[in-house]
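Asks:
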Amino acid sequence: MLKDAFQNMKTTESTDSIGVAKTLKAYFNDTDLLREKITEISKCMHQMGAQVIIACKEQSKAVEAINKITNEYKIKHPNVPPSEIPLLMYVPLDSSSLNSARLFARRIESMHRDIHYLFLNDGALFMHRGVTPEDGVEEFFQTNFLSQFLLTDLLFDTLARCGARIIISSSTLYKYNTKGMDRLNMKDLRTDMRHTKHKIWDLYAMCKLCRIMFTRELQRRFEGTKATAFSIDTKSVDLGEHSNLLKLLFTPVQTMFSSKKPENTVQTMLYCAVMPLELLLPGAHYSECKEVKVTNKNANDHKMARELWNVSSELCGLGSSSS
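Following the working numbering, the numbering of the sequence shown begins with 14 at its first residue and continues without gaps.
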């Protein structure tokens, strides 16, 4: 069924579409799993004719991925002239800087082209903790959620106009945040949490939960448009460029939750991107190419999802939203 959807997309999708296969914090230099996921998603969308923008921090690794994807496209389509190969480009984006998200959105908007797909495939677990030096926001929250929120908000009108599909990665780990959302507030998120009650694991799980809540609130705000949002269980933990001790502690967990091959881990993301909408439920959570029930009570709290949106807007300097 997924293969049929891919083939159908090839013949019906506009050649002016831009599939944004992106990660806001891509530790390409030290995280093979994330790098391979982004490369695989980008390759699949590019092979189907979508114009793809890879957004991440490490330019050298992005260029490496672009070269690999381009070479594979040429092998698969030997008769296509170089001038007709779909666009595949890199745009810098660093999730530790809200200004980086603003600059990225500004550049994308300046291209004056439609965006039909936005993949938010990010998340890093790290030992050092504090606030981001540029924005003064709690580091876990900004890296794993807030920068993605800001980017989506800045592109909201374009996404709504184009009827885009927004694919937001999360993780099974959201289930293990049972109290963090009840305790966090604006003051917490402006605080260095190294000396607070919040533990690393709680914060990471909270950010995964935030991504699910964000998906549902985003879908609500898309009402009246053809744009849709889906949250995805990607079954992975990104340990990034961080300490060997952290990798020693969490690698068994990553192995337990991760698929062995990147092409397997991205199938659900691609499924939600290309399957006919009548076979999907917008705003829902998907795993293994099917809708799954979200078991954390906070994820189903619409009032809390709106509060999360408003808090995030204020942290990004956008002001509170009454929508």
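Glycine included, every Cβ here is placed at the ideal spot set by N, Cα and C.
These figures come from a predicted structure and were not determined experimentally.
1) Quick check: what's the CA-CA separation for E230 versus A297?
2) At which residues does the alpha helix (DSSP H) containing L116 begin and terminate?
3) Could you check whether L106 and C69 sit closer than 9 Å to each other, using their CB atoms as the reference points?
4) Across the region 111-123 and the region 80-87, are there enough close Cβ pairs to call them in contact, namely three or more that are closer than 8 Å?
5) CA-CA distance, T308 and M61?
6) Compute the Euclidean distance between the alpha carbons of K306 and Q72, then round it to the nearest angstrom.
7) Only counting the same chain, and skipping five residues up and downstream in sequence, which positions put a Cβ closer than 6 Å to that of I179?
8) Quick check on the DSSP output: the alpha helix (DSSP H) that includes S73 runs from which residue to which?
9) In the DSSP assignment, what residue or residues form a beta bridge with V305?
10) Please classify M102: does DSSP put it in a helix, a strand, or coil?
11) Look at the alpha carbon of I54 and the alpha carbon of G143, and state the distance between them as a whole number of angstroms.
12) For T1, name the three-state secondary structure that DSSP assigns.
13) Relative to the C-alpha of C329, which candidate in S113, I51 and I88 has its C-alpha closest?
14) Comparing C-alpha positions only, which one of P94, N313 and F235 sits nearest to L172?
15) Here's the rule: buried if 16 or more other CB atoms are within 10 angstroms of the residue's CB, otherwise exposed. What is L101?
16) Do I181 and S108 come within 9 Å of each other at the CB atom, strictly closer than that value?
17) Which same chain residues, not among the five before or five after A177, have their C-beta less than 7 Å away from its C-beta?
18) Report yes if the C-beta distance between F154 and L216 is below 9 Å; otherwise report no.
19) In the DSSP assignment, the alpha helix (DSSP H) including Q280 goes from what residue to what residue?
20) Is the Cβ of I180 closer than 9 Å to any Cβ of chain D?
21) Compare the beta carbon distance of E304 and L293 with 9 Å and say whether it is the shorter of the two.
22) Terminal residues of the continuous alpha helix (DSSP H) containing A318?
23) How is E151 classed by DSSP in three states: helix, strand or coil?
24) In its own chain, which residues sit with a C-beta less than 7 Å from the C-beta of E320, not counting the 5 before and 5 after it?
25) Pick out whichever of H59, R174 and S160 has its Cα sitting closest to the Cα of T238.
26) Consult DSSP for D127 and reduce its assignment to one of helix, strand or coil.
27) CA-CA distance, N323 and D170?
28) Who are A69's beta bridge partners in DSSP?
29) Check this for me: beta carbons of I51 and I67, under 9 Å apart or not?
30) For the putative contact between Y86 and H59, defined by C-beta atoms under 8 Å, what is the C-beta separation to the nearest angstrom?
31) Please state the DSSP three-state secondary structure of F227.
32) Specify the secondary structure class of F169 as computed by DSSP and reduced to three states.
33) Buried or exposed: where does P289 fall if 16 or more other Cβ atoms within 10 Å of its Cβ makes it buried?
Replies: So, to answer that:
1) Here residue 230 is taken as the residue at index 217 of the sequence shown, counted from 1. Here residue 297 is taken as the residue at index 284 of the sequence shown, counted from 1. In a straight line, the C-alpha of E230 is about 11 Å away from that of A297.
2) Counted from its first residue, the sequence shown places residue 116 at position 103. L111 to S123 is the span of the alpha helix (DSSP H), which, as asked, contains L116.
3) Residue 69 sits at position 56 when you count from the first residue of the sequence shown. Residue 106 sits at position 93 when you count from the first residue of the sequence shown. In contact: C69 and L106 (Cβ atoms closer than 9 Å).
4) no
5) Within the sequence shown, residue 308 is the residue found at index 295, counting from 1. Within the sequence shown, residue 61 is the residue found at index 48, counting from 1. Rounded to whole angstroms, T308 to M61 spans 35 Å at the Cα level.
6) Sequence index remark: in the sequence shown, residue 306 carries index 293 (1-based). Sequence index remark: in the sequence shown, residue 72 carries index 59 (1-based). Straight-line Cα distance between these residues: approximately 38 Å.
7) Counting from 1 along the sequence shown, the entry for residue 179 is found at position 166. Hits under 6 Å: L131 and A242.
8) Along the sequence shown, read from residue 1 onward, the residue named residue 73 stands at position 60. Note, S73: alpha helix (DSSP H), Q72 to K89.
9) For this step, residue 305 is matched to residue 292 along the sequence shown. Partner(s): H298.
10) The count along the sequence shown starts at 1 and reaches residue 102 at position 89. It is a strand residue.
11) By 1-based counting over the sequence shown, the position of residue 54 is 41. By 1-based counting over the sequence shown, the position of residue 143 is 130. Roughly 32 Å between the two C-alpha positions.
12) What is shown of the chain runs 14 to 336, which leaves residue 1 out entirely.
13) In the sequence shown, the residue the question calls residue 329 occupies position 316. Taking only the C-alpha atoms, the option nearest C329 is S113.
14) On the sequence shown, residue 172 is found 159 positions in, with the first residue counted as 1. Ranking the options by Cα distance to L172, first place goes to F235.
15) As a first step, residue 101 must be located in the sequence shown, where it is residue number 88. Buried, because 16 or more other Cβ atoms sit within 10 Å of the Cβ of L101.
16) Counting from 1 along the sequence shown, the entry for residue 108 is found at position 95. Counting from 1 along the sequence shown, the entry for residue 181 is found at position 168. Not in contact: S108 and I181 (Cβ atoms no closer than 9 Å).
17) Taking the first residue of the sequence shown as 1, we reach residue 177 at position 164. Excluding positions up to five away in sequence, the list reads I128, H129, Y130, L131 and A240.
18) One-based indexing of the sequence shown puts residue 154 at position 141. One-based indexing of the sequence shown puts residue 216 at position 203. Yes, the pair counts as a contact, with Cβ atoms nearer than the cut-off.
19) Within the sequence shown, the letter at position 267 stands for residue 280. Note, Q280: alpha helix (DSSP H), Q280 to V287.
20) Included in the structure is just one protein chain, with no chain D present.
21) Residue numbering aside, residue 304 sits at position 291 when the sequence shown is read from its first letter. Residue numbering aside, residue 293 sits at position 280 when the sequence shown is read from its first letter. The criterion of a C-beta distance shorter than 9 Å is satisfied by E304 and L293.
22) In the sequence shown, counting from the first residue as 1, residue 318 sits at position 305. It spans H315 to L328 - the alpha helix (DSSP H) in which A318 sits, taken as one unbroken run.
23) For the purposes of this step, residue 151 is identified with residue 138 of the sequence shown, where counting begins at 1. It is a strand residue.
24) For the purposes of this step, residue 320 is identified with residue 307 of the sequence shown, where counting begins at 1. Taken in chain order, the list of residues that qualify is empty.
25) Here residue 238 refers to the residue found at position 225 of the sequence shown. Here the closest residue by C-alpha is R174.
26) Along the sequence shown, one-based indexing puts residue 127 at 114. The answer is coil: DSSP assigns D127 none of H, G, I, E or B.
27) Against the sequence shown, residue 323 aligns to sequence position 310. Against the sequence shown, residue 170 aligns to sequence position 157. Rounded to the nearest angstrom, the two C-alpha atoms are 18 Å apart.
28) Locating residue 69 in the sequence shown gives position 56, counting from the first residue. According to the sequence shown, residue 69 is Cys rather than Ala. P105, per the DSSP bridge assignment.
29) Residue numbering aside, residue 51 sits at position 38 when the sequence shown is read from its first letter. Residue numbering aside, residue 67 sits at position 54 when the sequence shown is read from its first letter. In this structure, I67 lies closer than 9 Å to I51 by Cβ.
30) Taking the sequence shown and counting its residues from 1, one reaches residue 86 at position 73. Taking the sequence shown and counting its residues from 1, one reaches residue 59 at position 46. About 6 Å; that satisfies the 8 Å criterion.
31) Taking the sequence shown and counting its residues from 1, one reaches residue 227 at position 214. Three-state DSSP puts F227 in a helix.
32) As a first step, residue 169 must be located in the sequence shown, where it is residue number 156. Three-state DSSP puts F169 in a helix.
33) If you number the sequence shown from 1, residue 289 lands on position 276. By the 10 Å Cβ count, P289 comes out exposed.
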